[in-house]
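Numbering (the numbering used here), first residue to last: 1 to 151.
Glycine included, each C-beta is placed from N, C-alpha and C at the ideal position.
Everything numeric in this text was worked out from a predicted model, so none of it was measured.
Single-structure report; data block below.
Structure follows, in C-alpha cells:
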C-alpha cells in the first residue's frame, strides 16, 4: 500500500566469512551433533569477543569434568555425563553470553540469574566481565554430580 512502510520484512541473517549464519543476538547456527568437534565449530563461529568466552568456558568445563560429553543442540553447546544427561550449556545473546545451569538451584552458591524454570539458574557474561574460572569450575563439578536433563 503506498505511503505505508513494510514492517513485516525481517532482517536477513548475518553470515560469518566462513558462511556460518548468525541468528538473533549473534548466536551461530550450527547443525545438531555430538562430540568435541561440533562444539569447537560452534565456538569458532561465535562472533567477536564472545568466541574468547566460549573457548574459556569450554576449557574450564573440560578441565573440571574430564569425563564430560559434549553436543550442540538447538544452536547451543551442551555439556553432560553419559547416562546422566546434560548439566549445563551456553548461548550467545546480543550483549552477553548466557551460561545455563540446568539444576542451578541446587548449586552452592546459587548462580545469580533467575529463570522461569524452577531449577534453572543463569550466569550472564558481558564483554568486560572478568571470568571467575574457579567459581565456574566449581559449579560445573557440582552440576555434573546431579541428575542431568534428558534433551
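So what does DSSP say about residue i, is it helix, strand or coil?
i	result
residue 70	strand
residue 131	coil
residue 124	strand
residue 4	Low confidence applies here, because residue 4 scores a pLDDT of 48, under 50, leaving its location unreliable; read the following figure in that light. Residue 4 falls in the coil class under three-state DSSP.
residue 98	strand
residue 76	strand
Sorted by chain position, which residues of the same chain lie with C-beta nearer than 7 Å to residue i's C-beta, five sequence neighbours on each side aside?
i	result
residue 98	90, 91, 122 and 124
residue 94	25 and 26
Just to check my reading of the structure: residue i and residue j have Cβ atoms closer than 8 Å, yes? What is that Cβ distance to the nearest angstrom?
i	j	result
residue 88	residue 79	5 Å
residue 77	residue 39	5 Å
residue 75	residue 30	6 Å
residue 101	residue 139	6 Å
residue 141	residue 64	5 Å
residue 84	residue 28	No, residue 84 and residue 28 are not in contact; Cβ-Cβ is about 27 Å, not under 8 Å.
Give every residue of the same chain whose Cβ lies closer than 6 Å to the Cβ of residue i, excluding the five residues on either side of it in the sequence, and list them in chain order.
i	result
residue 60	133, 136 and 137
residue 69	80 and 82
residue 56	131
residue 14	22
Decide if residue i is buried, meaning its Cβ has at least 16 other Cβ atoms within 10 Å, or exposed.
i	result
residue 42	buried
residue 150	exposed
residue 86	buried
residue 48	exposed
residue 58	buried
Quick check: does the Cβ of residue i come within less than 7 Å of any heavy atom belonging to the ligand ATP?
i	result
residue 30	The ligand ATP is not part of this structure, which contains no ligands at all.
Inset, instruction - Report yes or no: do three or more beta-carbon pairs, one from the segment 26–44 and one from the segment 102–118, lie closer than 8 Å? - result: no
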